[in-house]
Amino acid sequence: DSGVTQTPKHLITATGQRVTLRCSPRSGDLSVYWYQQSLDQGLQFLIQYYNGEERAKGNILERFSAQQFPDLHSELNLSSLELGDSALYFCASSVGSGLRSPLHFGNGTRLTVT
Amino acid sequence: GQQVMQIPQYQHVQEGEDFTTYCNSSTTLSNIQWYKQRPGGHPVFLIQLVKSGEVKKQKRLTFQFGEAKKNSSLHITATQTTDVGTYFCAGKGGSEKLVFGKGTKLTVNP
Chain G
1 DSGVTQTPKH
11 LITATGQRVT
21 LRCSPRSGDL
31 SVYWYQQSLD
41 QGLQFLIQYY
51 NGEERAKGNI
61 LERFSAQQFP
71 DLHSELNLSS
81 LELGDSALYF
91 CASSVGSGLR
101 SPLHFGNGTR
111 LTVT
Chain S
1 GQQVMQIPQY
11 QHVQEGEDFT
21 TYCNSSTTLS
31 NIQWYKQRPG
41 GHPVFLIQLV
51 KSGEVKKQKR
61 LTFQFGEAKK
71 NSSLHITATQ
81 TTDVGTYFCA
91 GKGGSEKLVF
101 GKGTKLTVNP
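Listed in order, the protein sequences are those of chains G and S. Last residue of the first sequence: 114 in my numbering, with the numbers rising by one and none dropped. Last residue of the second sequence: 110 in my numbering, with the numbers rising by one and none dropped.
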């Protein structure tokens, strides 16, 4: 068990809808990262937050947004969903912000857009 | 932008054979991390390399960081069925992003 909690485990929704994915980092970790993993694709970096502030941004679509709350949990909001957004979304956390500490991944949320 | 390439994409071996996956970056890396993702699971951190030419071992796994800090390799000696999974490298270049390679999927025939 990595200590990172992601909910829900599975999500099935229709095109055009909006969903929210939730992540609680490991106790003591200040950084939260969001990654998207599609079939046969690697881990695409979306966004990183450190102690409530956006730290780095990857190839995150404008339809997607995220935030980290004062209690350090994070939410990833996906709107105007398209079939191509179907993927496994991982949250990871780490102690520091500088990418020198290991990332601890949650079990992921599998999103299916129909 | 920074790219991290991994080869091969797939590798199938007989149990007991050796396995190597290679990771190449388009830019010099400050550090490189390796992760393993079992089928149906999430990536799990294996190791981090920081120094040029660094070699680290974990039992049957040997990790190397190139002298120029632009490439890395993971070698598994005498594979076992428990080694099955996808191995990812991830590196940080000049940007504040940890970029993952697409991974090498290893299958082991018992």
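Idealized CB from N, CA, C, for every residue including glycine. Given the structure is predicted, the values throughout are model-derived calculations rather than measurements.
Please classify GLN64 (chain S) as buried or exposed, where buried requires at least 16 neighbouring CB atoms within 10 angstroms. By the neighbour-count rule (16 or more Cβ atoms within 10 Å), GLN64 (chain S) is buried.
Would you mind telling me which residues of chain G sit closer than 7 Å to ASN31 (chain S), beta carbon to beta carbon, in chain order? ARG100
Taking the C-alpha atoms as reference points, what is the distance between PHE45 (chain S) and LEU83 (chain G)? Near 31 Å, if we compare the C-alpha coordinates of LEU83 (chain G) and PHE45 (chain S).
Identified DSSP bridge partners for SER31 (chain G): G:TYR50, G:SER94
Decide if the segment 6-16 of chain S is in contact with the segment 90-110 of chain G; the criterion is three or more beta carbon pairs, one per stretch, under 8 Å apart. no
Going by alpha carbons, who is nearest to ARG160 (chain G) out of G:ASN77, G:ALA14, G:SER94, G:LEU43? As shown, chain G starts at 1 and ends at 114. That puts residue 160 (chain G) outside it, with no answer to give.
Taking Cβ to Cβ, would you say VAL95 (chain G) is nearer than 8 Å to LEU39 (chain G)? no
Quick one: list the residues of chain S neighbouring ARG110 (chain G), beta-carbon separation under 7 Å, in chain order. Near ARG110 (chain G) there are no residues of chain S at all, since even the closest Cβ is about 10 Å away, more than 7 Å.
For GLU54 (chain S), which residues in the same chain have their Cβ closer than 6 Å to its Cβ, ignoring the five residues on either side in sequence? PHE65
So, under 8 Å CB-CB, PHE88 (chain S) and GLN37 (chain S) are touching, yes? Tell me the CB distance rounded to an integer number of Å. 7 Å
According to DSSP, is THR77 (chain S) part of a helix, a strand, or is it coil? DSSP places THR77 (chain S) in coil when its eight states are reduced to three.
Please report the Cβ distance between GLU15 (chain S) and THR81 (chain S), rounded to the nearest whole angstrom; I am assuming they are in contact, meaning their Cβ atoms lie under 8 Å. 6 Å
Measuring alpha carbon to alpha carbon, tell me which residue in G:SER97, G:GLN68, G:ARG55, G:LEU81 is nearest GLU62 (chain G). Distances from the alpha-carbon of GLU62 (chain G) to those of G:SER97, G:GLN68, G:ARG55, G:LEU81 put G:LEU81 closest.
When we look at the beta-carbon of ARG55 (chain G) and count the other beta-carbons within 10 Å, is it buried (16 or more) or exposed? buried
Does chain G have any CB closer than 8 Å to the CB of LEU108 (chain S)? The residue asked about is misnamed: residue 108 (chain S) is Val in this sequence, not Leu. Among the CB atoms of chain G, none fall inside 8 Å of the CB of VAL108 (chain S).
How is the beta strand (DSSP E) around ALA90 (chain S) delimited, first residue to last? 85-92
Going by beta carbon distance, what residues of the same chain come within less than 6 Å of THR20 (chain G), once the five residues before and after it are set aside? GLU75, ASN77
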